[in-house]
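Below is one structure, written out as structure tokens, with a few remarks after it.
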Amino acid sequence: MQKFYVTTPIYYVNARPHLGSLYSTLLADVASRYNKLHNKKVFFLTGTDEHGQKIAQSAAAVGKNPQEFVDSFIPAFKDAWKLYHIDYTKFIRTTDPDHTQAVKAWIKHLIQKGDIYKSHYAGYYCVSCETFVTDKDMPHGITENIPLCPTCGRTTEYVSEESYFFKLSSYQDRLLQFYKDNPDFITPRERMAEVISFVQSGLKDLSISRTTIDWGIPFPGDSKHVTYVWADALNNYITGVGYGVPGKEKEFNSWWPADLQILGKDIVRFHAIFWPAFLMASGLSMPKKLLVHGWIKIGEHKMSKSRGNAVDPIELAATYGVDQVRYYLVRHLAITQDSPFTYSDLEQRINSDLAHDLGNLLNRTIALALKYDRATVECPQTWSAKSVDLYETGKNIIVRFMQEMEAGYMNRAYAVVWEYVHEVNKYFHNQQPWKIAKSEPEKFAEVISATCHALYAIAYLCWPLMPQKMEQLLSDLGKKINTEQDVFAQLLSKPWADTFRVTHGEILFNKIEIKQETQETVMTQEEVKQSPTITIDDFAKIELRVGTIEDVQVLEKSDKLYVFKVNFGAHGVRQILSGIRKYFTPEQILNRQGIFVFNLAPRKMVGLESQGMMLFAKDAQEQLVLIAPEHVVPNGTQLS
Ligand SMILES: [Zn+2]
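My numbering puts the first residue of the sequence shown at 17, with every later residue one more than the last.
In structure tokens form, the structure reads like this:
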């Protein structure tokens, strides 16, 4: 039996879980369940990061000792994961005795090997990120001569203390070689470039102990020191499956290396540089893949507790349903980029994708079958060409779905599944079974059977994402989830030959009533007025292409304009001027894809030629919103 080992980052326990931690954890749960459907043995590790200065400070602020303080948050995490049907194998806490013992043994081993030595650290430290700010990060912004943290932008503090160092610098070449040999180590690949350039610019040895705090794993052999929190926390990925735990060597060897490690983009450096170097020093193999996701943004900002714009996952589930929220976060947030979260988008997706596209299809199929006494849906003698097409399309969809899942692009994988949902709807509506139930009973039975077979495959494809709802769907078809075999291999190799016993269960997805005031815009008479129609030939005159903004310059002569360099792939790089300074900072738009009118006659503005026009939409607050493909497509792709 093949194995699959997946991890989430371990979460700081100074607050309840938020939407960002839910998102990381959901991605791991979907990957875990997907691999269960491949009949693999799965280990899914999640947990909490409980040491360090930030936790100690947060505990002190509320007058608790740190252990009491971290203990008080554990139920919130476990309850949230239970509510969201997160089926983890183990919940590790870095205060667990097994973990702390193993970390001590790990440090002793590295001291013996000569990878750890004692010296003195003087420099800046970000308590919020628990990170040493290196020379390279300065000047990232300086207030009163104190550098700001390059990750979170907060003020850092000066630290000067005796410290143990890990010889990170001696792993520089091996790391670079490893990245070169494993170009798919990080998904998405863009993040790999950042990592390589950071390592190439030179690695300094890493301070891995602190003397000015005491909330941490005692440093072996030197009671003045505690272990730096990241040197402690990263090791959870190996101690969680038995590393350094006496008697668990065999278990550890059966799980390590991890197949997939999920993390947010703010902790890439720790996972893509420090972590592989630690593993190299320990003589352990590298994880197979890091999946690095962007941030969830509420409006223009990263969601965070300090901004007060955090969305509570518990409330969200109560209002919209667990599987609906799982669906929205995994399918509609782009893994590779920062993604906005909005309630109106969530509501629309539930109504259109789930209630309309999938729920209605199931409902109508079953209603028709029952109305015409076909509760037992049997296969026809032979399948017509239209049904064979639907079957073949389904196989093609499964192959593409699997490719996206293996690459870690779960949002794209489910976009592919929805292509199929639309195809099945099209088939159903074109065949008009409600019209032929009496006149052509055999054809009617075939359409119902084909639709049931397609829904059956969809239920399995969507089970990793919406386990409860898909088990309900299967039950409505008279089936039960079965992970005793490789489901995808079965779906791809078996012809349609099932009998379904359909029953009317509960409505699969209820529509959300969208309140009038939350709807985008109340249109005025003026706005509703339509433009005159044009022919398809008129439209064909407009050439729309996708391009990536690779450079943004502020045009000093104007208070509105940016000058972009836009890459259109084989169609070249163009200079395009855009008057959007009021709406976007250069960072918000740099390296983004957009849609451009490609054959607009060049225009001169303030002495510069603009060779095209970028498209935007306005939201209800009159803010410009960038229009981009749902996921990255080749530059120069023409819209059709
Ligand atoms: Zn920071």
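All C-beta atoms, glycine included, are put in the ideal place defined by N, C-alpha and C.
field: Residue range of the alpha helix (DSSP H) that includes Phe-268
entry: 265 to 271
Cβ-heavy atom distance, Ser-144 to ligand 1, below 7 Å: yes
task: Leaving out five residues on either side along the sequence, give the residues of the same chain with a beta carbon under 8 Å from the beta carbon of Val-589.
output: Glu-566, Lys-581, Val-582, Asn-583
query: In the structure shown, what three-state DSSP assignment does Arg-226 receive?
result: strand
- request: Counting only the same chain and skipping the five closest in sequence on each side, list residues whose C-beta sits under 8 Å from that of Val-215.
  value: Gln-188, Leu-191, Leu-192, Tyr-195, Ile-289
- prompt: Whole-angstrom Cβ separation of Ser-144 and Lys-80, contact assumed at under 8 Å?
  reply: Not quite, the Cβ-Cβ distance comes to about 19 Å (not below 8 Å), so this is no contact.
task: Compute every distance between the C-beta of Arg-170 and the non-hydrogen atoms of ligand 1, then say whether any falls below 7 Å.
output: yes
query: Quick one: what's got a C-beta closer than 6 Å to Phe-460's C-beta in the same chain, skipping five residues either side?
result: Pro-449, Ile-452, Ala-453
message: Excluding the 5 residues flanking Pro-204 on each side, which residues of the same chain have their C-beta closer than 6 Å to its C-beta?
response: Thr-352
field: Endpoints, the alpha helix (DSSP H) within which Asn-376 is located
entry: 376 to 387
- request: Return yes when the C-beta of Thr-147 is under 7 Å from any heavy atom of ligand 1, and no when it is not.
  value: yes
- request: Determine which residues share a DSSP beta bridge with Thr-64 and list them.
  value: Tyr-27, Arg-109
- prompt: Taking 7 Å as the cut-off, does the CB of Thr-111 come closer than this to any heavy atom belonging to ligand 1?
  reply: no
task: Provide the residue(s) that pair with Ser-712 in DSSP beta bridges, ordered along the chain.
output: No answer is possible for residue 712: the residues shown for the chain start at 17 and end at 656.
query: If we call anything under 8 Å between Cβ atoms a contact, is Tyr-472 one with Lys-442?
result: no
- prompt: Span of the alpha helix (DSSP H) holding Thr-409?
  reply: 401 to 423
message: Tell me the DSSP secondary structure of Ile-162 in three-state form.
response: strand
message: Taking 7 Å as the cut-off, is the beta-carbon of Thr-167 closer than that to any non-hydrogen atom of ligand 1?
response: yes
- request: Report all residues from its chain with a CB closer than 7 Å to the CB of Pro-396; omit the five preceding and five following residues, and keep chain order.
  value: Glu-458, Ala-461, Glu-462, Ser-465
Helix, strand or coil at His-309 according to DSSP, with G and I counted as helix: strand
task: Output yes if chain C places a C-beta closer than 8 Å to the C-beta of Asp-373; else output no.
output: Going by chain labels, chain C is absent from the structure shown, which holds only one protein chain.
- request: Could you work out which residue in Ile-474, Met-418, Ala-423 is closest to Val-437 when comparing CA atoms only?
  value: Ile-474
query: Whose CA, out of Leu-577, Thr-381, Leu-481, Leu-631, lies closest to the CA of Asp-103?
result: Leu-481
task: Report the three-state DSSP secondary structure of His-34 (helix, strand or coil).
output: coil
field: Cβ pair Trp-272, Val-257 closer than 8 Å
entry: yes
message: Helix, strand or coil for Ser-40? Go by DSSP, reduced to three states.
response: helix
- request: Starting from the C-beta of Arg-342, find all residues in its chain whose C-beta is less than 7 Å away, skip the five residues before and the five after it, and write them out in chain order.
  value: Leu-42, Tyr-100, Leu-481, Met-482
field: Residues near Leu-406 in its chain [Cβ-Cβ closer than 8 Å; skip 5 each side]
entry: Glu-439, Val-440, Tyr-443, Ala-466, Ala-470
query: Three or more C-beta pairs closer than 8 Å, one from the stretch 109 to 118 and one from the stretch 48 to 61: is that the case here?
result: no
task: Flag this pair as touching only if the stretch 515 to 527 and the stretch 363 to 381 have three or more C-beta atom pairs under 8 Å; answer yes or no.
output: yes
field: Residue from Glu-456, Thr-551, Lys-411 with nearest C-alpha to Gln-506
entry: Lys-411
task: Determine, using beta carbons only, whether Phe-60 and Ala-44 come nearer to each other than 8 Å.
output: yes
- prompt: Thr-64: buried (16+ other C-beta within 10 angstroms of its C-beta) or exposed?
  reply: buried
- request: Can you say whether Asn-427 is buried or exposed, counting buried as having 16 or more other CB atoms within 10 angstroms of its CB?
  value: buried
- request: Look at the alpha carbon of Asn-446 and the alpha carbon of Ser-491, and state the distance between them as a whole number of angstroms.
  value: 27 Å
- prompt: Does DSSP put Tyr-430 in a helix, a strand or coil?
  reply: helix
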